[in-house]
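Participant: Dumping the structure here so I can ask a few things about it.
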Amino acid sequence: MNVFITGCESGIGQSLTKRILKDGHSVFACHFKNIPEKETMLLKRKYQDKIHFTQLDVTQRDEVDQAVLNALDVMNSIDVLINVAGISYFSSPLTTTDIEWKNTFDVNVNGYFYLTRSLLPVLINSPSAQIINMSSIWGTKGNKDMYAYSVSKYAVQGMTDGLREYCKPLGIKVTSLILDKVDTSFRELMEEHINISNEQKKRMLAASDVADTVSYLLKTSRNALASSIVLDAALWR
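Residue numbers (numbering that gives the first Met the number 0): 0 to 236.
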């Protein structure tokens, strides 16, 4: 399968890219921040024409549409979209600024929408089409300290649910992957404001846990639709 992924410069997106390549699929890896050339060259050397990198700001509709065209140029088709790119701020309903609110929704909600809208006409032609949206437990219960992020993930949940109903007759599977605390840059953001013990860090999900779950989803039959998967950090205390 040919897989289009955002947020590939670090964390979950980076882990997904490596795992999906290992599983034998091709990846069009989009990143906002620069990826060290050494890292991209290692993957290109190992996987050759199965990996393609491009810089993308998911908040820009024209860039999104062009990235999809570029992906089709090098891969000919796209079977799977995985929306990963996201941002967060540690701020309350009172302290969240206009810029923080706008940035959060531009990336976490508009970015998902732009990519989905641009890729839907392409995915319709694939017999193994899937869309996987990264969501959060904070999109199922409120978070007063990461307020804009939490609200944006509620929006992602609603977007994904509506998209699933639209895509069922088209043969496109749509899944929301609802993640608990993952040891990525989001953990680093939390640590700037709250104390996280070494024992708690050990009990967080790893990015590889998310990659394992996506790997499983890509192997499911056409008749198996996982509407939502909640991936808990079960031992977190």
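Cβ coordinates follow ideal geometry from the N, Cα and C atoms, glycine included.
None of these values were measured; they are calculated from a predicted model.
In terms of residue numbering, what span does the beta strand (DSSP E) encompassing residue 229 cover?
Facilitator: 227-230
Participant: Could you tell me the alpha carbon to alpha carbon distance between residue 160 and residue 147, rounded to whole angstroms?
Facilitator: Note on geometry: alpha-carbon atoms of residue 160 and residue 147 lie some 20 Å from one another.
Participant: Relative to the C-alpha of residue 165, which residue among 141, 138, 177 and 130 is closest?
Facilitator: Checked all of 141, 138, 177 and 130; the closest Cα to residue 165 is 130.
Participant: For residue 19, report the span of its alpha helix (DSSP H) as first-last.
Facilitator: 10-21
Participant: As a quick exercise: from 18, 218, 13 and 56, pick the residue whose alpha carbon is nearest that of residue 35.
Facilitator: 13
Participant: Pull up the CB-CB distance for residue 230 and residue 178, whole angstroms please, since I reckon it's below 8 Å.
Facilitator: The beta carbons of residue 230 and residue 178 sit about 5 Å from each other, so the pair counts as a contact at 8 Å.
Participant: With residue 152 as the anchor, note down where its beta strand (DSSP E) starts and where it stops.
Facilitator: Unbroken run through residue 152 is the alpha helix (DSSP H), 146-166; no beta strand (DSSP E).
Participant: DSSP three-state label for residue 245, please.
Facilitator: The requested residue 245 does not occur in the structure, where the chain is confined to residues 0 to 236.
Participant: For residue 76, which of helix, strand or coil comes out of DSSP?
Facilitator: Residue state, collapsed to three classes: coil.
Participant: Please go through the same chain and pick out, in chain order, the residues whose beta-carbon is closer than 6 Å to the beta-carbon of residue 122, but skip the five residues on each side of it.
Facilitator: 128 and 171
Participant: In three-state DSSP terms, what is residue 84?
Facilitator: coil
Participant: Would a C-beta distance cut-off of 9 Å place residue 24 and residue 5 closer than the cut-off?
Facilitator: Not a contact, by the Cβ cut-off of 9 Å.
Participant: According to DSSP, what are the bridge partners of residue 176?
Facilitator: 133 and 228
Participant: Please identify the residue among 109, 120, 182 and 203 whose C-alpha is closest to the C-alpha of residue 158.
Facilitator: 109
Participant: To the nearest whole angstrom, what separates the beta carbons of residue 134 and residue 176, a pair I think is in contact under 8 Å?
Facilitator: Yes, they are in contact, since the Cβ atoms of residue 134 and residue 176 sit about 6 Å apart, within 8 Å.
Participant: Mind checking who residue 204 pairs with in its DSSP beta bridge?
Facilitator: 181
Participant: Determine whether the beta carbon atoms of residue 33 and residue 8 lie at a separation below 9 Å.
Facilitator: yes
Participant: Going along the chain, which residues of its own chain have a beta-carbon closer than 6 Å to the beta-carbon of residue 64, five neighbours each way excluded?
Facilitator: 117
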